[in-house]
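These notes concern the structure reproduced below.
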Amino acid sequence: MKLLFTTIFLLLNTMYHSLCSAKDKYFLVIGTYTKSQDKGIFVYEFDTKIGGLKFVSNTEQIKNPSFLTFNKKQDKIYSVGEENGGLVYSFDFDQTTGRLKLINQQRTNGVHPCYVTLSNDDKYLFAANYSSGNLSSFPIGEKGEIHKIDQLIQHLGKGIKPQQNSAHAHSIINIPNTDQFLSADLGADKIYRYLYNPQQKEILSPYPSQEYIELEKGVGPRHITFNQTGKIAYVINELEATVSVLVLNDDKFSEIQQIRMNSDDFSGVNGAADIHISKDGKFLYASNRGSANEIVIFSVDKKSGKLIRTGNQSTLGKAPRNFAIDPTDNFLLVANQNTNDVIVFKRDKKTGTLSDTGNKINIGSPVCLIFSKQQ
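For what it's worth, full-length UniProt numbering labels the leading residue of the sequence shown as 1, then goes sequentially.
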């Protein structure tokens with residue numbers, strides 16, 4: 001009898017620790033530029049207790065998968081192939097083993113696709129083509145495959161700076177809780193607004209009451225994030241290293257604030273890149289490349305959504321093109337493109353400050369980080 005109880009205890013103890021271990025584990029999927037290596041997408045196991053990373057798998061010979069997104073079930077991954085002959089890829093993703101299997105690829109009919117996102121119903125994939133300044137739309141099949149492009153939307157306009165010689169679509173993102181999308185165009189200094197309707201010939205059409213939001217000339221809008229309601233949008237402006245705060249009132253977005261990322265005495269080169277907000281909506285983070293190579297921290301006013309710059313943290317590397325807050329909100333991971341590493345920072349939920357955990361991985365030109373729950 002004693003042996004039986006001991007066996008049962010050990011079995012239950014093993015099951016408990018196994019469940020706890022799985023609960024603390026996520027997959028970190030990393031997109032890269034492949035000039036320095038020919039793999040493409042890498043998968044690591046991320047331990048949310050200590051912020052540790054362990055290699056799991058990688059793809060082979062996928063060129064420049066520089067931006068990635070999951071479907072809602074997180075069993076499919078979609079990627080750009082950022083080249084002159086732009087591509088998008090679809091993959092099956094095994095949530096137990098962390099392995100990817102290529103499903104198919106399609107041409108975007110644009111140049112240098114740099115961002116992909118899915119519709120709320122996972123039935124359409126949209127890609128932003130930077131160099132050609134347009135958006136591509138693709139139906140998604142029942143098995144996650146990408147069908148041929150069925151719409152190409154051309155942005156127009158140019159700005160006042162050398163990098164703005166023409167339209168440069170840099171991102172497209174869904175407005176939470178709606179069938180609308182915003183697309184930041186770095187070349188035109190505009191945020192285009194679209195309505196998604198899969199029943200119409202034009203899957204994306206200009207939003208009736210507001211086709212675009214025009215920003216200050218020369219700022220170069222790049223990426224966008226939202227508060228939980230979707231009524232406040234935060235736009236990171238690459239060329240001026242500022243963040244624009246847009247508020248939705250009477251069915252129109254308007255800018256209520258533009259705040260500098262750099263200190264007043266900064267005189268270096270700007271290269272603002274990525275932007276994310278904490279789950280509780282209290283802190284906003286923005287990355288700056290150029291001469292700064294840092295994550296800038298802002299506190300968010302609960303009522304107005306306006307920002308106050310509260311600090312900054314060196315990324316301990318160069319060219320932080322992308323970063324991500326982990327699903328627990330306890331860690332912030334930075335992809336330093338030019339120093340070929342991913343750095344893990346601990347995040348203080350009360351103050352928003354970041355501190356180095358000492359955890360890092362070396363990987364060729366990491367430029368996109370996304371998380372998935374390990375099954």
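Cβ atoms here follow ideal geometry from the backbone N, Cα and C, with glycine treated the same way.
Using the beta-carbon count (16 or more within 10 Å), is residue i buried or exposed?
i	result
Glu294	buried
Leu204	buried
Arg321	buried
Phe9	Since pLDDT at Phe9 reaches only 49, below the 50 mark, its modelled position is unreliable, and no value is offered.
Phe55	exposed
Val238	The question names Val, but residue 238 in the sequence shown is Glu. Glu238 is buried by the Cβ-count criterion.
Asn362	exposed
Asn270	buried
Leu156	exposed
Pro208	exposed
Lys360	buried
Gln313	buried
Ser267	exposed
Pro162	exposed
Ser372	buried
Ile308	exposed
Asp250	exposed
Thr229	exposed
Asn288	buried
Ile232	buried
Gly141	exposed
Gly85	exposed
Suppose you measure from the CA of residue i to the CA of residue j; what does that come to, to the nearest Å?
i	j	result
Leu19	Asn336	Interpretation of Leu19 is limited by its pLDDT of 45, a score under 50 that renders its predicted location unreliable; no figure is taken from the coordinates.
Glu211	Asp24	43 Å
Thr96	Asp75	10 Å
Ile175	Phe126	14 Å
Ala184	Thr315	25 Å
Asp265	Thr69	37 Å
Ser166	Tyr78	27 Å
Leu87	Ile172	16 Å
Val80	Lys349	33 Å
Lys72	Pro139	16 Å
Thr59	Leu333	21 Å
Lys39	Ile146	22 Å
Ile50	Ala324	16 Å
Gln164	Arg222	12 Å
Gly220	Ile256	17 Å
Leu12	Leu284	At Leu12 the pLDDT is 49, less than 50, meaning the model places this residue with poor confidence; the figure from the coordinates comes in the next sentence. Spanning the two alpha carbons is a distance of roughly 42 Å.
Phe298	Ile275	11 Å
Glu216	Asp189	7 Å
Pro327	Asp280	12 Å
Tyr16	Ile213	Legend: pLDDT at Tyr16 = 45, less than 50; position of this residue unreliable, value from coordinates given subsequently. Straight-line Cα distance between these residues: approximately 52 Å.
Gly317	Lys306	29 Å
Gly31	Cys114	11 Å
Leu118	Asn109	18 Å
Gln374	Phe331	17 Å
Tyr26	Val116	22 Å
residue 438	Ile224	In the structure as shown, the chain starts at 1 and stops at 375, and residue 438 therefore has no counterpart that could be examined.
Using only alpha-carbon positions, find the residue among the options that is nearest to residue i.
i	options	result
Phe181	Val296, Gln106, Gly159 and Phe226	Phe226
Gly218	Asn197, Tyr207, Lys282 and Ala241	Ala241
Glu202	Leu186, Gln151, Glu216 and Ser209	Gln151
Thr48	Gln37, Thr34 and Leu28	Leu28
Thr34	Phe371, Ser372, Ser299 and Val367	Val367
Asp179	Gln313, Pro221, Ile256 and Gln199	Gln199
Gln106	Ala273, Glu83 and Asp121	Glu83
Arg193	Leu248, Ile236, Ala286 and Gly358	Leu248
Ser263	Thr310, Lys252 and Val245	Thr310
Leu354	Lys306, Gln374, Ser278 and Gly305	Ser278
Lys303	Asp341, Arg289, Lys282 and Gly187	Lys282
Lys143	Gln375, Gly220, Asn104 and Phe253	Asn104
Asn197	Ser90, His112, Thr328 and Lys123	Lys123
residue 376	Asn330, Val111 and Val43	Past the boundaries of the shown model lies residue 376; the chain is included only from 1 to 375, so the question cannot be answered.
Val243	Ala273, Gly31, Asp250 and Asp341	Ala273
Ala292	Gly220, Met261, Thr229 and Pro327	Met261
Ile343	Ile259, Leu369 and Glu214	Leu369
Ile41	Ser365, Asp251, Gln375 and Leu135	Ser365
Phe67	Gly290, Thr229 and Ser90	Ser90
Gly52	Thr357, Gly352 and Lys231	Thr357
Lys252	Ile160, Ile191 and Ser57	Ile191
Gln37	Asp329, Val300 and Asn340	Asn340
Leu135	His168, Ile160, Gly159 and Leu246	His168
Val300	Lys158, Ser57, Ile259 and Asn338	Ile259
Leu186	Lys158, Pro206, Ile149 and Asn177	Lys158
Would you say residue i touches the ligand ATP, meaning its beta carbon is less than 6 Å from a heavy atom?
i	result
Asn336	Among the components modelled here there is no ligand, and therefore nothing to report on the ligand ATP.
Worksheet item: Curious, which full-length beta strand (DSSP E) runs of at least 3 residues does the segment 252-314 contain?
Response: The DSSP assignment places complete beta strand (DSSP E) segments of no fewer than 3 residues inside the segment 252-314 at 252-260, 272-277, 283-288, 294-300 and 307-314, in order along the chain.
Discussion item. If contact is defined by three or more beta carbon pairs under 8 Å, each pair taking one atom from either stretch, is the segment 45-64 in contact with the segment 125-144?
Written reply: Contact between the segment 125-144 and the segment 45-64 is absent, because fewer than three Cβ pairs lie under 8 Å.
Practice prompt. Kindly provide the ranges of any alpha helix (DSSP H) runs that are 4 or more residues long and lie completely inside the segment 75-143, ordered along the chain.
Written response: Listed in chain order, there is nothing to give.
Discussion item. Taking 8 Å as the cut-off, does the segment 88-106 touch the segment 153-172 (at least 3 CB pairs, one atom from each stretch)?
Written reply: Segments in contact, no.
Discussion item. Runs of 4 residues minimum, wholly inside the segment 337-362: which ones carry the alpha helix (DSSP H) assignment?
Written reply: You should have found no qualifying run.
Item to complete: Entirely within the segment 154-224 and at least 4 residues each: give me those alpha helix (DSSP H) ranges in chain order.
Response: Those alpha helix (DSSP H) runs which fall completely within the segment 154-224 and span 4+ residues do not exist here.
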